[in-house]
Amino acid sequence: MISQVLGLCAFVHVFAQAPSPSALPSGFQPLTSVVEARGLEAVNLPAQEKPADGADLERPLEVEPLSGRVNPFEGDLWTRSYILGDWGGRRSRLAERGLSLDLLGTQFYQGVASGGREQAWEYGGKIDYLANLDGGKFGLWQGFFVNMHAETRFGTSVNGIDGLLTPSNIAMQFPEPDTSITAITGLKFVQALSENFVLFMGKLNTLDEYPVRYGMYGADPMARPGLSGFMNTSLVFNPIVARTVPYSGAGVGGAILMDGAPVFSMTVFDPQERAATGLQDLFAEGVTIVPDLIWRSKIQDKPGVLNIGGTYSTRKYRSFDPSAYLAIPLPLLLVDKKLPYESGSWCIYSNIYQSLWVDSTDPTRTWGVFGQFGLSDGNPNPVGYTCNAGVGGHSMLGRRQDTMGAGFFYIGLSDGYKALASPILPQQNECGVELFYNFVVNPSSRLTTDLQIANPSTQRFDTVIIPGLRLELLF
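Just so we're aligned: the sequence shown equals residues 12 to 486 in the numbering used here.
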């Protein structure tokens, strides 16, 4: 872990010579390929003014001063936003100086009630450590920001027994599945060159940068992909990019902003997975290029987002190569090295969210429909196409902060992948539904009930039924 930090600090030295523009606009998210884009949590305070489009789709990078506002660290256990409070006033003082430190603890209890590879109940959890620095407020220089995400994974999950190609619990896949591990999976450095253009580089956590969010989250530090909404990989992260994009990889890029919000970004990744490794041999196996365009609209004063992008990698792949976001069946992994390499891989994708209801007293509370689509080369990408849809958002009655969702996912496996797998472990298209309801117990605690029903990609597995509970705590 120490070697990762030292390597990235040397990597970011180039930014020290950048000009010193005015502070970054409050709505900026530097690398985004999402519906309801927010990336790493850089502001862990209550919601503030949003960009002029009113879509509530970005979260500021700057840590806003607490003066004149309700302090989220104060109050009793049932009213404050953080269980550990203000640390004797130290947390507030750090926030005033541009440094936020959050700790999220999430526990999962899920079971395979029927079907899948086997039936059992599993318990495990994650601890996410989030640190964010505003260089201007901290006394460095204006327009410079640092976001760090470290993770601890422990216990077991149903991902090893559900039989699904797209795991039913995306959060428990990382930093590595089926092991207890702590690793820095994100360390991003951002420098604004103007109010309309920024550069970023570092070790990028793509689940932070590219999740699908469906318009149900505001500026809430607990609203993280896989931890407070859908849990199935297909409904959190578009699996069409799983072949070419690592979960945690070295990357560099830039973004164009309009009214403080990103409208276009371009990122160049090292395609190697580095969740639990350092930054040695950068780009030794090629590059992955990810352009991404975001278009925001308002239809009858109801915000929506259309996100279009793609990936192209020069790396050599085999169809059964491991992927951080996919659970390739073990019998196929064992014969992977016997397959020929294919040079390069590409895909295109589109994610869309359109709100149908907006709270007249709080525009950050929306409810609407979403869609997620993708198409790939089909070889070496095992996923030929994706087509997912559903509804989600905030509760429209009663419990104002609760969120809910219902989604359908369909993963069309490529003909090449099916043909190669046929004599070993016959495969089919994977599809399923997920429903969740997220109860906000208090500002620092959330309890989610979840149900997934799916037909696994492996033909010999019966339809799998996966009920589960998730408890998320903000310390």
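For each residue, glycine too, the CB sits at the ideal point set by N, CA and C.
Is there a Cβ of chain C sitting closer than 7 Å to that of residue i, yes or no?
{"i": "residue 380", "result": "Note that chain C does not occur in the displayed structure, where there is just one protein chain."}
Within its chain, find whatever has a CB closer than 6 Å to the CB of residue i; leave out the 5 residues flanking it on each side and keep chain order.
{"i": "residue 280", "result": "260, 262, 299"}
{"i": "residue 52", "result": "At residue 52, the pLDDT of 32 sits below 50, so the modelled position is not reliable; the number obtained from the coordinates is stated separately. 141, 232."}
{"i": "residue 382", "result": "363, 400"}
{"i": "residue 369", "result": "313, 377"}
{"i": "residue 242", "result": "180, 461"}
{"i": "residue 327", "result": "352, 354"}
{"i": "residue 459", "result": "447, 449, 481"}
{"i": "residue 237", "result": "181, 182, 247"}
{"i": "residue 402", "result": "380, 417"}
{"i": "residue 212", "result": "200, 263"}
{"i": "residue 451", "result": "412, 413, 457"}
{"i": "residue 306", "result": "317"}
Once you ignore the five residues that flank residue i on each side, which residues in its own chain have a CB closer than 7 Å to its CB?
{"i": "residue 428", "result": "330, 393, 438"}
{"i": "residue 24", "result": "Unreliable positioning characterises residue 24 in this predicted model, as indicated by a pLDDT of 37, which lies under 50. A coordinate reading is not provided."}
{"i": "residue 249", "result": "223, 360, 362, 383, 385, 397"}
{"i": "residue 55", "result": "With a pLDDT of only 33 at residue 55, under the threshold of 50, the placement of this residue in the model should not be trusted; the figure read from the coordinates follows. Answer for residue 55: 111, 113, 232, listed in chain order."}
{"i": "residue 432", "result": "343, 438"}
{"i": "residue 278", "result": "42, 262, 264, 301"}
{"i": "residue 340", "result": "436, 469"}
{"i": "residue 471", "result": "none"}
{"i": "residue 294", "result": "281"}
{"i": "residue 371", "result": "none"}
{"i": "residue 36", "result": "Unreliable positioning characterises residue 36 in this predicted model, as indicated by a pLDDT of 27, which lies under 50. The coordinate reading is nonetheless provided below. The residues are 206, 268, 271."}
Are the Cβ atoms of residue i and residue j separated by less than 7 Å?
{"i": "residue 122", "j": "residue 467", "result": "no"}
{"i": "residue 234", "j": "residue 258", "result": "no"}
{"i": "residue 165", "j": "residue 205", "result": "no"}
{"i": "residue 253", "j": "residue 337", "result": "yes"}
{"i": "residue 480", "j": "residue 120", "result": "yes"}
{"i": "residue 129", "j": "residue 168", "result": "no"}
{"i": "residue 99", "j": "residue 84", "result": "no"}
{"i": "residue 266", "j": "residue 346", "result": "no"}
{"i": "residue 139", "j": "residue 115", "result": "yes"}
{"i": "residue 202", "j": "residue 275", "result": "no"}
{"i": "residue 325", "j": "residue 297", "result": "yes"}
{"i": "residue 239", "j": "residue 483", "result": "yes"}
{"i": "residue 160", "j": "residue 82", "result": "no"}
{"i": "residue 420", "j": "residue 404", "result": "no"}
Rounded to whole angstroms, how far is the Cβ of residue i from the Cβ of residue j, which I believe are closer than 8 Å?
{"i": "residue 473", "j": "residue 126", "result": "4 Å"}
{"i": "residue 196", "j": "residue 186", "result": "5 Å"}
{"i": "residue 436", "j": "residue 469", "result": "6 Å"}
{"i": "residue 182", "j": "residue 117", "result": "7 Å"}
{"i": "residue 162", "j": "residue 194", "result": "6 Å"}
{"i": "residue 517", "j": "residue 418", "result": "Residue 517 lies beyond the residue range present for the chain, which begins at 12 and ends at 486; the question has no answer from this structure."}
{"i": "residue 93", "j": "residue 455", "result": "6 Å"}
{"i": "residue 315", "j": "residue 283", "result": "Their Cβ separation, rounded to whole angstroms, is 36 Å, which puts residue 315 and residue 283 out of contact at 8 Å."}
{"i": "residue 358", "j": "residue 334", "result": "With 8 Å as the limit, residue 358 and residue 334 do not qualify as a contact, their Cβ atoms being about 12 Å apart."}
{"i": "residue 268", "j": "residue 318", "result": "No, residue 268 and residue 318 are not in contact; Cβ-Cβ is about 16 Å, not under 8 Å."}
{"i": "residue 422", "j": "residue 218", "result": "Not quite, the Cβ-Cβ distance comes to about 18 Å (not below 8 Å), so this is no contact."}
Could you check where the alpha helix (DSSP H) with residue i kicks off and where it finishes?
{"i": "residue 455", "result": "Premise fails: residue 455 is in no alpha helix (DSSP H) and is neither H nor E."}
{"i": "residue 426", "result": "426 to 432"}
{"i": "residue 149", "result": "146 to 149"}
What does a CB cutoff of less than 8 Å around residue i pick up in its chain, not counting 5 residues either side in sequence?
{"i": "residue 453", "result": "88, 89, 90"}
{"i": "residue 109", "result": "73, 74, 144, 145, 146, 147, 148, 149"}
{"i": "residue 389", "result": "395, 425, 426, 427, 428"}
{"i": "residue 20", "result": "Low confidence applies here, because residue 20 scores a pLDDT of 42, under 50, leaving its location unreliable and the question unanswered by this model."}
{"i": "residue 124", "result": "130, 476, 477, 478"}
{"i": "residue 310", "result": "365"}
Identify the continuous beta strand (DSSP E) that holds residue i and give its terminal residues.
{"i": "residue 219", "result": "Where residue 219 is concerned, there is no enclosing beta strand (DSSP E), although the alpha helix (DSSP H) it sits in stretches over 217 to 220."}
{"i": "residue 205", "result": "192 to 205"}
{"i": "residue 185", "result": "Here residue 185 belongs to no beta strand (DSSP E), and DSSP marks it neither H nor E."}
{"i": "residue 177", "result": "That residue, residue 177, is in no beta strand (DSSP E); it is neither H nor E in DSSP."}
{"i": "residue 471", "result": "Counting along the chain, residue 471 falls outside any beta strand (DSSP E), and DSSP gives it neither H nor E."}
{"i": "residue 166", "result": "155 to 166"}
{"i": "residue 369", "result": "353 to 370"}
So does residue i have its beta carbon nearer than 6 Å to some heavy atom of the ligand HEM?
{"i": "residue 176", "result": "The ligand content of the structure shown is nil, which means the ligand HEM is not present either."}
Ignoring anything shorter than 4 residues, give me the alpha helix (DSSP H) runs that lie fully in the region 301 to 350, in order along the chain. 341 to 345
What are the start and end residues of each continuous beta strand (DSSP E) run of 3 or more residues lying completely inside the region 90 to 142, in chain order? 110 to 122
Enumerate, from N- to C-terminal direction, the unbroken alpha helix (DSSP H) stretches of 4 or more residues contained entirely within the region 226 to 292. 244 to 247
What are the complete beta strand (DSSP E) segments, minimum 3 residues, inside the region 374 to 445? List check, beta strand (DSSP E) in window: 394 to 405, 414 to 424.
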